[in-house]
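> Take the sequence shown: its position 413, counted from the start at 1, is 412 in numbering that gives the first Met the number 0, and no numbers get skipped. Once you've had a glance at the structure underneath, I'll fire off some questions.
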Amino acid sequence: MDQHLEETQKFKAAITEQTRSMEVLERNMQTVSREITAIVGKIEEEQSEQTTSERVTANSRKRMKKIREEIAAKEVETQNLLNEIARVTVDSLNTKAHNQMLKDRHKQLSDELADREKLIEQYEQEIRKRHHQIEKKQLFVDRLNREYDEKRTKLEAELGNDEDVAGPQEAKLKHMWTLSLHHPVAGDDVSTHVLGLLLTSVEDWIQKQTQLLSISSETDKLKATLNENKNKKMVLEQKKLRIEGQLSSHEKEIKELDNNMKHLRFDMDRMNSALVKNEARSGEISNTNQMMETEFVQKLKEIETRCLDMERDVEKLKLEKDQMNQDILESERQVLLWERKITLEREMQAALDPNVGQSDAAAMKKEIHRMELRLEQLKRRQEQTIVEMERAIHKRDAIALKLEPKAQKTKKAASAANVKRQLQSLRNNLKLCTQANSDAEQKISDRQRDLAELQQTIEQAAQEYGNLEQASEALRAEVQVGHVEKQQNLASILQLQRTAKRLDELAMGTGPPPPGNIQQQHDEQVQLRGKVEEIVRVLGESYPQLENLWAAFHAWMEVPS
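This is the structure:
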């Protein structure tokens with residue numbers, strides 16, 4: 000019961016504070032209404048000055064229009080220049096890319112040309128070799144022809160110019176025929192002997208001729224095969240050079256692979272030694288893990304018993320929390336009822352207060368009086384213009400009467416017509432003046448209507464401004480509470496990470512030992528926590544409007560608010 004009485008007293012104190020704040024807000028509203036009336040007066044003064052400044056604004060608008068046109072022209076020129084610059088940059092990039100492509104093509108063509116030149120040099124070398132061979136053969140043929148000519152000349156010299164020159168076999172045959180014909184003993188035996196010799200010699204000659212033809216054909220074939228073999232030899236030499244180059248590159252690659260294999264073997268040896276060490280360490284760690292598991296099982300059993308106790312406590316606290324929530328809801332209902340009563344009381348006081356709305360009525364009366372004075376001024380000006388027009392008409396009539404005897408009779412009709420025209424023009428001027436007067440009255444009524452609308456918009460803006468200020472304050476409070484919750488979550492995450500790291504270090508046995516002054520450090524932290532709680536409490540008392548923020552701080556520090 001005491002607790003409920005304290006809460007009701009707190010709610011009453013909060014209600015009194017809210018009433019005070021509402022009174023302060025009402026005072027602020029009154030000051031704002033006074034400021035609005037002052038602003039309206041300033042607006043009226045500015046409207047009166049606006050007529051004089053309209054001409055200046057018109058001239059300035061014309062100048063601004065010219066300047067804007069010039070600025071637009073300059074902007075168009077700058078945009079054109081920028082477009083031209085962009086186009087030039089694009090063209091330069093395209094030309095650079097084209098030049099790079101041409102350079103690559105030139106390099107490729109130069110490489111192909113070098114290869115073709117090398118091939119041409121090889122062909123030229125072969126052609127030179129063939130020319131040398133042909134020259135040698137021509138020299139050999141010339142030498143044979145000279146020998147043939149020499150032998151032929153010798154035979155011609157020996158046999159005479161009248162007889163035909165033949166080969167050695169033909170000469171032998173002829174010689175044998177001559178012997179047979181001029182032989183002193185002519186008989187059948189000799190003739191048969193000679194004929195046998197002739198036949199054998201002819202057969203030998205034919206055989207030798209056939210052998211000569213076969214040998215010449217074989218020599219031609221051998222020459223052709225020799226040339227083919229030479230060409231094949233050159234091709235094989237080129238292949239040999241290429242294969243030797245490939246062989247050298249393969250040998251280099253093999254050496255590199257051997258070196259890499261050596262490095263890999265070294266790495267494998269090192270990894271094997273590391274694996275052996277890791278196996279030994281894993282055995283040690285498994286033993287330590289088994290020991291730690293037994294310890295952790297015991298600790299977990301203890302923690303489970305503690306958790307069961309804590310769950311029972313939590314259930315009790317939940318029941319108490321539900322009861323407290325019900326009490327808070329009841330108190331909030333009471334607060335809402337009191338707030339409704341307070342608002343009704345204020346509305347009644349505002350309805351009974353005669354001073355409410357007096358400032359607006361006074362401002363409207365001033366405005367109406369000002370407009371009436373303006374209307375009277377316009378009427379006086381209208382009367383003055385009418386009087387001046389009548390004076391001008393009378394002066395014109397007097398001048399016409401003075402000059403009438405001097406005028407000719409033929410011009411009487413014309414003067415009467417002129418007078419009619421002048422009267423018609425004066426009537427038109429009078430109509431225009433009345434129209435201008437009605438327009439001025441219409442403008443005055445429009446200005447009065449605009450003034451009323453302006454006052455209404457000012458009131459709406461003030462109301463919206465107050466609503467926006469309240470919303471901004473609420474959002475600012477929510478942002479501050481969210482920032483505090485974010486910091487709370489970060490602190491809890493860091494705490495959990497530190498505890499997990501500490502537990503891992505304890506599990507691995509690599510953590511630092513606890514310091515000797517751990518109790519002293521704990522006492523210092525407790526004192527620091529107490530100081531922080533005291534500071535938060537003082538700030539909460541100094542700034543009660545930030546109640547949600549202090550509640551978030553209390554929840555963070557687990558302090559009852």
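Glycine residues also receive a C-beta, built at the ideal position from the N, C-alpha and C atoms.
With 16 as the cutoff for other CB atoms within 10 Å, does ALA608 come out buried or exposed?
The requested residue 608 is not part of the displayed model; the chain covers only 0 to 560.
> Tell me whether GLN516 sits in a helix, a strand or coil according to DSSP, three-state version.
Your numbering for residue 516 matches position 517 in the sequence shown. Note that residue 516 is Asn in the sequence shown, not Gln. It is coil, neither helix nor strand.
> Checking 8 Å against the spacing of the C-beta atoms, do GLN447 and MET370 come in under that value?
For the purposes of this step, residue 447 is taken as the residue at position 448 of the sequence shown. For the purposes of this step, residue 370 is taken as the residue at position 371 of the sequence shown. Cβ atoms of GLN447 and MET370: closer than 8 Å.
> Out of ALA13, ALA12, GLU34, point me to the one whose CA is closest to GLU458's CA.
In the sequence shown, residue 458 corresponds to position 459, counting from 1. Measuring from the Cα of GLU458, the nearest candidate turns out to be GLU34.
> Could you tell me the distance, in whole angstroms, from the CA atom of LEU307 to the CA atom of LEU495?
Taking the first residue of the sequence shown as position 1, residue 307 is located at position 308. Taking the first residue of the sequence shown as position 1, residue 495 is located at position 496. LEU307 and LEU495: Cα-Cα distance of roughly 22 Å.
> Reducing DSSP to helix, strand and coil, say where THR509 ends up.
Sequence index remark: in the sequence shown, residue 509 carries index 510 (1-based). Correct three-state label for THR509: coil.
> What number of angstroms, rounded off, separates the C-alpha of PRO543 from the C-alpha of ALA551?
Taking the first residue of the sequence shown as position 1, residue 543 is located at position 544. Taking the first residue of the sequence shown as position 1, residue 551 is located at position 552. Cα to Cα, PRO543 sits roughly 14 Å from ALA551.
> From LYS135 to ILE205, what does the alpha carbon distance come to, in whole angstroms?
Here residue 135 refers to the residue found at position 136 when the sequence shown is read from its first residue. Here residue 205 refers to the residue found at position 206 when the sequence shown is read from its first residue. If I take the Cα positions, the gap works out to 32 Å.
> Just confirm the distance between the C-beta atoms of TRP337 and ILE14, as a whole number of angstroms; I'd bet it's less than 8 Å.
Taking the first residue of the sequence shown as 1, we reach residue 337 at position 338. Taking the first residue of the sequence shown as 1, we reach residue 14 at position 15. About 6 Å separates the two Cβ atoms, so the contact holds.
> Please state if the CB of GLU440 and the CB of LEU374 are separated by a distance shorter than 8 Å.
Here residue 374 is taken as the residue at index 375 of the sequence shown, counted from 1. Here residue 440 is taken as the residue at index 441 of the sequence shown, counted from 1. Taking 8 Å as the Cβ cut-off, LEU374 and GLU440 qualify as a contacting pair.
> Please report the Cβ distance between ARG395 and GLN421, rounded to the nearest whole angstrom; I am assuming they are in contact, meaning their Cβ atoms lie under 8 Å.
Taking the sequence shown and counting its residues from 1, one reaches residue 395 at position 396. Taking the sequence shown and counting its residues from 1, one reaches residue 421 at position 422. Confirmed, about 7 Å.
> Return the CA-CA distance between PRO183 and LEU154, expressed in angstroms with no decimal places.
In the sequence shown, residue 183 corresponds to position 184, counting from 1. In the sequence shown, residue 154 corresponds to position 155, counting from 1. Confidence in PRO183 is poor, its pLDDT being 47 and thus under 50, which makes the residue's placement unreliable; the coordinate value appears in the next sentence. So the two alpha carbons sit approximately 28 Å from each other.
> Using a Cβ-Cβ cut-off of 8 Å, state whether GLN206 counts as contacting chain B.
Absent from the structure: chain B. Only one protein chain is present.
> Just to confirm before moving on: does the CB-CB distance between ILE392 and LEU431 stay below 8 Å?
For the purposes of this step, residue 392 is identified with residue 393 of the sequence shown, where counting begins at 1. For the purposes of this step, residue 431 is identified with residue 432 of the sequence shown, where counting begins at 1. No; because the gap between Cβ atoms is not below 8 Å, this pair is not in contact.
> So what does DSSP say about TYR122, is it helix, strand or coil?
Locating residue 122 in the sequence shown gives position 123, where the first residue counts as 1. In this structure, TYR122 counts as helix in the three-state DSSP scheme.
> When the Cα atoms are used, what is the spatial distance from ALA270 to LEU263?
Start at 1 with the first residue of the sequence shown, and residue 270 comes out as number 271. Start at 1 with the first residue of the sequence shown, and residue 263 comes out as number 264. Here residue 270 turns out to be Met, not Ala, going by the sequence shown. C-alpha separation (whole angstroms): 10 Å.
> Identify, in the order they occur along the chain, each residue of the same chain with its Cβ nearer than 7 Å to the Cβ of MET0, setting aside the five sequence neighbours on each side.
Position 1 of the sequence shown holds residue 0. Here MET0 scores only 48 on pLDDT, less than 50, and its place in the model is too uncertain to base an answer on.
> Alpha carbon to alpha carbon, how far is MET100 from SER91? Give it in angstroms, no decimals.
Here residue 91 refers to the residue found at position 92 of the sequence shown. Here residue 100 refers to the residue found at position 101 of the sequence shown. Between SER91 and MET100, the C-alpha separation is close to 14 Å.
> Distance check for LYS128 and GLN210, CA to CA, integer angstroms please.
As a position in the sequence shown, residue 210 is number 211, starting the count at 1. As a position in the sequence shown, residue 128 is number 129, starting the count at 1. Taking the straight line from one Cα to the other gives about 32 Å.
> Which value, in whole angstroms, describes the spacing of the CA atoms of LEU118 and LYS150?
Here residue 118 corresponds to residue number 119 of the sequence shown, with the count starting at 1. Here residue 150 corresponds to residue number 151 of the sequence shown, with the count starting at 1. Going by the C-alpha atoms only, they are around 48 Å apart.
> Taking just the CA atoms, how far does ASN58 sit from GLN26?
Position 27 of the sequence shown holds residue 26. Position 59 of the sequence shown holds residue 58. According to the sequence provided, residue 26 is Arg. The question's Gln does not apply to it. Rounded to whole angstroms, ARG26 to ASN58 spans 46 Å at the Cα level.
> What's the C-alpha gap between ARG305 and ALA12?
Sequence index remark: in the sequence shown, residue 305 carries index 306 (1-based). Sequence index remark: in the sequence shown, residue 12 carries index 13 (1-based). Approximately 42 Å between the Cα atoms of the pair.
> In the structure shown, what three-state DSSP assignment does TYR542 receive?
Here residue 542 is taken as the residue at index 543 of the sequence shown, counted from 1. Of the three classes helix, strand and coil, the one that applies to TYR542 here is coil, per DSSP.
> Report the option in VAL234, GLU292, ASN324 whose CA atom is closest to the CA atom of TYR122.
Along the sequence shown, one-based indexing puts residue 122 at 123. Comparing Cα positions, the closest option is VAL234.
> What separation, rounded to the nearest whole angstrom, lies between the Cα atoms of GLU294 and SER285?
The residue labelled residue 294 in the question sits at position 295 within the sequence shown. The residue labelled residue 285 in the question sits at position 286 within the sequence shown. Distance between the alpha carbons of GLU294 and SER285 is about 14 Å.
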